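These notes concern the structure reproduced below.
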């Protein structure tokens, strides 16, 4: 109780320091609890799935850059290993999907999963209604997530109810609800809202089944659940034997190497080249590691402030510590006083943190595009995490100052003496570490912004401005010409074209046989089905050859980009044949189909004629008002033609920018982290400047009487602070340079790591620091010398 009273008095006696420490520690703990709780949740992704550690991804490649597998390979694996549950899913090729009820109300399905009846045996999700493990046994069945089911049916039982499925490939296709899944937690990698049977694609899409039965059509992602008695290493050996069997070698035109990859590692440990299905998101271990580092550094900076400011009060607190020691208390007794003092302050920090963490969570959700609620912090693991953070903070802020003060004998503490060089040095080291972090973060921010600006302003090689596009349902897709005439009648639309893919999110990878120069080999490329005017529409120029000769849909003619011709080793494309008799009719200039992370990939265009999924509209609007009026006109025409399917559109330039969504989020995150670190460092610097000015009051008075100017006094007081920033710059620069050089390795197209970035970061930190300390220095420099000499 006595130590508690002493601690309480000390906090009240030094109000300015207590407020600075309260602000710094609150900010540090709020940031660290929020970031570390988020990181822990992300690293626990999909652990809610029963026995998820026994689930593996299957591939017909021995590396993990692609998850794709063909249907014949799937059939072979199921026949060879009947005791293992094997499922496959396909990329969402349907574009925008809507479900309609009996009343004609339409409900958008953001992500539709195409899979088979074994999927819910491999991934055993909790069900609200129905039996998921048999939910897709019938072709016309559909599984809904709980939130979507409530949106459509309210509180009614949806099992057995019929809905109508509409998309690019389905026209009011009747489907029966067979199961409802409990909504997945936020840290689920699966993003689908509804699931249908793959067999529905075979029924609804004429070309789908014939294409799917080819060994080269790797349009699927496969998973398996291994029984507990099956050893994964033995299963890998069996897969290797199967890969080398005649069944595989005689059917596949290229080397098949079946392999498995742990599903538990899929979310965070796959390379950037990995391509997954649209319904399965992939995280970034690099980003999580950066968030962890930021959380730890900001918390340490707040603790450093506390230790530094308490240590700076040594001359004020020496006598009180000496009295405690003379009354019989040893090291632990002194430490207890400082632990109680830190504990009392942390109680106030706890109260403020409880208030500010939910507010910070809302901001964080908006920044990171997540939807976490305050319940995140009531998960037992996160409660333990928050307790550990507070415990760590208490030890640092209470133990270190206590040990610093208790190491001196009582006599030395009572006897007036100048601050020892070791104490001054230790107080300088801590701010140097703080500003090293701040300068490093600011330098990294400048590099990331420079890279993002380069990517966003990069010319992709085709026209993306003033292009609006949307998906068509199957009725529209079969009448492309009449639809073109209807839309061209709207003033403001200058051209229209069609494709079977979203131009900035193409998912179709084809593997086909190429015959050239008396040799046959397997080639792989991104396939896009387009209308003949597609190239003129987007300004894609031919380097040789010509456009499609035929106007109707066919696979007889192919147009490649330059990269495809070069990588496939084709010198005279007129002599090349694909898939039997398909011939190359033209070559276009390279363009960027993907983000700057990847080099230009081989792309092949085929003539889709009028069978297509996406319509692209080129506009000539000059301002927002014209664009708004044009979109209203298009929507009105759309509703006349399709009253039951809402008109939802995208702007191509915005979708291009969305390719860099993660990089933009990372930049914003680092921006806030950099300014928070600067703010915490300046809080400490402000407190230290108060003590320096106070300790040197008498010296300043004497210097002024002897003729020293205000500028000389300011220089005297600020010199040590400037030295700290310079040393911090020297420490931070090589570390930030190395970190950014490694980060830029993630991009095929990267900005230069310019030298001026690092001095600029140091200059920003220096200016902010000088503004922080100069007010205190100015007060001391302009103080009346008479008052200064009366000091003490």
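Numbering (the working numbering), first residue to last: 3 to 794. Ideal Cβ placement from N, Cα and C applies to all residues, glycine included. Just so we're clear, the structure is a prediction, and the values are computed from it rather than from any experiment.
- Message: Taking DSSP's pairing of strands, which residues face residue 114 in a bridge?
- Response: By one-based count along the chain shown, residue 114 stands at place 112. The partner list for residue 114 (beta bridge, DSSP) reads 196.
- Message: I'd like to confirm something about residue 191: is its beta-carbon nearer than 7 Å to some heavy atom of the ligand SAM, or not?
- Response: Inclusion of the ligand SAM in the displayed structure is not the case, the ligand content being empty and no account of it being possible.
- Message: With DSSP as the reference, identify every bridge partner of residue 620, one or two as the case may be.
- Response: In the chain shown, counting from the first residue as 1, residue 620 sits at position 618. Its beta-bridge partners are 469 and 497.
- Item | Given 8 Å, three or more beta-carbon pairs between the stretch 85-92 and the stretch 108-118 | Between the stretch 85-92 and the stretch 108-118, the count of C-beta pairs closer than 8 Å reaches three or more; the two stretches touch.
- Kindly indicate which residue of 434, 772 and 14 has the alpha-carbon position closest to the one of residue 688. To locate residue 688, count along the chain shown from 1; it is residue 686. Cα-wise, what sits closest to residue 688 is 772.
- Task: Hey, could you find the ends of the beta strand (DSSP E) residue 134 is sitting in?
- Result: On the chain shown, position 132 is the one that residue 134 refers to. Residue 134 -> no beta strand (DSSP E), and no H or E assigned at all.
- Query: Under the rule that 16 or more other beta-carbon atoms within 10 Å means buried, what is residue 541, buried or exposed?
  - Reply: Residue 541 sits at position 539 when you count from the first residue of the chain shown. Counting Cβ neighbours within 10 Å, residue 541 comes out exposed, since fewer than 16 surround it.
- Quick one: using the 10 Å Cβ neighbour count with 16 as the cut-off for buried, is residue 81 buried or exposed? By 1-based counting over the chain shown, the position of residue 81 is 79. Exposed, since its Cβ has fewer than 16 Cβ neighbours within 10 Å.
- With DSSP as the reference, please indicate the residues paired to residue 89 in a beta bridge. Here the question's residue 89 lines up with position 87 in the chain shown. 225.
- Task: Keeping to the same chain, check which residues put their C-beta closer than 6 Å to that of residue 425; ignore five residues upstream and five downstream.
- Result: Residue mapping note: residue 425 aligns to position 423 of the chain shown, counting from 1. Residue confidence for residue 425 is low, a pLDDT of 49 falling below 50, so the modelled location carries little weight; the figure read from the coordinates is stated next. The answer is none, since no qualifying residue turns up.
- Message: For residue 757, report the span of its alpha helix (DSSP H) as first-last.
- Response: Here residue 757 corresponds to residue number 755 of the chain shown, with the count starting at 1. Where residue 757 is concerned, there is no enclosing alpha helix (DSSP H), given that its DSSP letter is neither H nor E.
- Identified DSSP bridge partners for residue 176: Position 174 of the chain shown, counting from 1, holds the residue named residue 176. Answer by DSSP bridge pairing, in chain order: 166.
- Message: What would DSSP say about residue 15, mapped onto helix, strand or coil?
- Response: Numbered from 1 along the chain shown, position 13 holds the residue referred to as residue 15. Residue 15: helix per DSSP, three-state reduction.
- Item | residue 532 versus residue 192 - alpha carbon distance | Numbered from 1 along the chain shown, position 530 holds the residue referred to as residue 532. Numbered from 1 along the chain shown, position 190 holds the residue referred to as residue 192. Roughly 30 Å separates the two Cα atoms.
- CB-CB under 6 Å to residue 737, same chain, minus the five flanking residues each way: which ones, in chain order? Position 735 of the chain shown, counted from the start, is the residue given in the question as residue 737. Excluding positions up to five away in sequence, the list reads 442.
- Could you pull out every residue in the same chain whose Cβ sits closer than 7 Å to the Cβ of residue 52, ignoring the five residues on either side in sequence? The residue you call residue 52 lines up with position 50 of the chain shown. Here the set comprises 126.
- Which residues bound the alpha helix (DSSP H) around residue 248? By one-based count along the chain shown, residue 248 stands at place 246. It spans 248-251 - the alpha helix (DSSP H) in which residue 248 sits, taken as one unbroken run.
- Message: If contacts are defined as beta-carbon pairs under 8 Å, then residue 607 and residue 551 qualify, I think. What distance do you get, rounded to the angstrom?
- Response: As a first step, residue 607 must be located in the chain shown, where it is residue number 605. As a first step, residue 551 must be located in the chain shown, where it is residue number 549. Rounded, the Cβ-Cβ distance is 14 Å, inconsistent with contact.
- Query: Based on Cα-Cα distance, which residue from 224, 160 and 29 lies nearest to residue 61?
  - Reply: Counting from one through the chain shown, the residue named residue 61 turns up at place 59. Here the closest residue by C-alpha is 224.
- Would you mind reading off the limits of the alpha helix (DSSP H) that contains residue 642? Counting from 1 along the chain shown, the entry for residue 642 is found at position 640. 626-643 is the span of the alpha helix (DSSP H), which, as asked, contains residue 642.
- Message: For the structure I just gave you, are there three or more beta carbon pairs, one from the stretch 441-461 and one from the stretch 667-685, closer than 8 Å?
- Response: yes
- Message: To the nearest angstrom, how far is the alpha carbon of residue 23 from that of residue 405?
- Response: Here residue 23 refers to the residue found at position 21 of the chain shown. Here residue 405 refers to the residue found at position 403 of the chain shown. Those two C-alpha atoms are separated by around 19 Å.
- Straight-line gap, residue 637 to residue 107 (C-alpha atoms, nearest Å): Counted from its first residue, the chain shown places residue 637 at position 635. Counted from its first residue, the chain shown places residue 107 at position 105. Each residue's alpha carbon lies about 18 Å from the other.
- Task: Kindly identify the DSSP beta-bridge partner or partners of residue 146.
- Result: Indexing the chain shown from 1 puts residue 146 at position 144. Residue 146 is bridged to 182 and 196.
- Item | the stretch 576-591 / the stretch 721-733 touching (three or more Cβ pairs under 8 Å) | no
- Query: In this structure, what does DSSP give as the bridge partners for residue 523?
  - Reply: The residue labelled residue 523 in the question sits at position 521 within the chain shown. Looking at the DSSP assignment, residue 523 forms a beta bridge with 516.
- Message: Going by beta-carbon coordinates alone, are residue 515 and residue 70 separated by less than 8 Å?
- Response: The residue labelled residue 515 in the question sits at position 513 within the chain shown. The residue labelled residue 70 in the question sits at position 68 within the chain shown. No.
- Straight-line gap, residue 2 to residue 487 (C-alpha atoms, nearest Å): The structure shown does not extend to residue 2, since the chain is modelled only from 3 through 794, so no value can be given for it.
- Query: To the nearest angstrom, how far is it from the Cα of residue 780 to the Cα of residue 719?
  - Reply: Walking along the chain shown from the start, residue 780 turns up at place 778. Walking along the chain shown from the start, residue 719 turns up at place 717. So the alpha carbons of these two residues sit roughly 9 Å apart.
- Sort 758, 162 and 172 by Cα distance to residue 615 and report the nearest one. As a working note, residue 615 is residue 613 in the chain shown. Among 758, 162 and 172, the Cα nearest to that of residue 615 belongs to 172.
- Task: May I have the straight-line CA-CA distance separating residue 364 from residue 121, to the nearest angstrom?
- Result: As a working note, residue 364 is residue 362 in the chain shown. As a working note, residue 121 is residue 119 in the chain shown. Computed Cα separation, rounded: 35 Å.
- Query: Can you tell me where the beta strand (DSSP E) with residue 606 in it begins and where it stops?
  - Reply: Your numbering for residue 606 matches position 604 in the chain shown. Segment 605-609, the beta strand (DSSP E) holding residue 606.
- Item | Among 234, 165 and 131, nearest to residue 184 - alpha-carbon criterion | Start at 1 with the first residue of the chain shown, and residue 184 comes out as number 182. If we check each option's Cα against that of residue 184, 131 comes out closest.
- For residue 137, the nearest candidate out of 470, 162 and 266 (CA to CA): If you number the chain shown from 1, residue 137 lands on position 135. Closest option to residue 137, Cα to Cα, is 162.
- Excluding the five sequence neighbours on either side, which residues of its own chain have a C-beta within less than 6 Å of the C-beta of residue 384, listed in chain order? As a working note, residue 384 is residue 382 in the chain shown. Same-chain partners within the cutoff: 39.
- Task: Compare the Cα-Cα distances from residue 303 to each of 739, 678 and 743 and report the closest residue.
- Result: Counted from its first residue, the chain shown places residue 303 at position 301. Of 739, 678 and 743, the residue nearest in Cα terms is 678.
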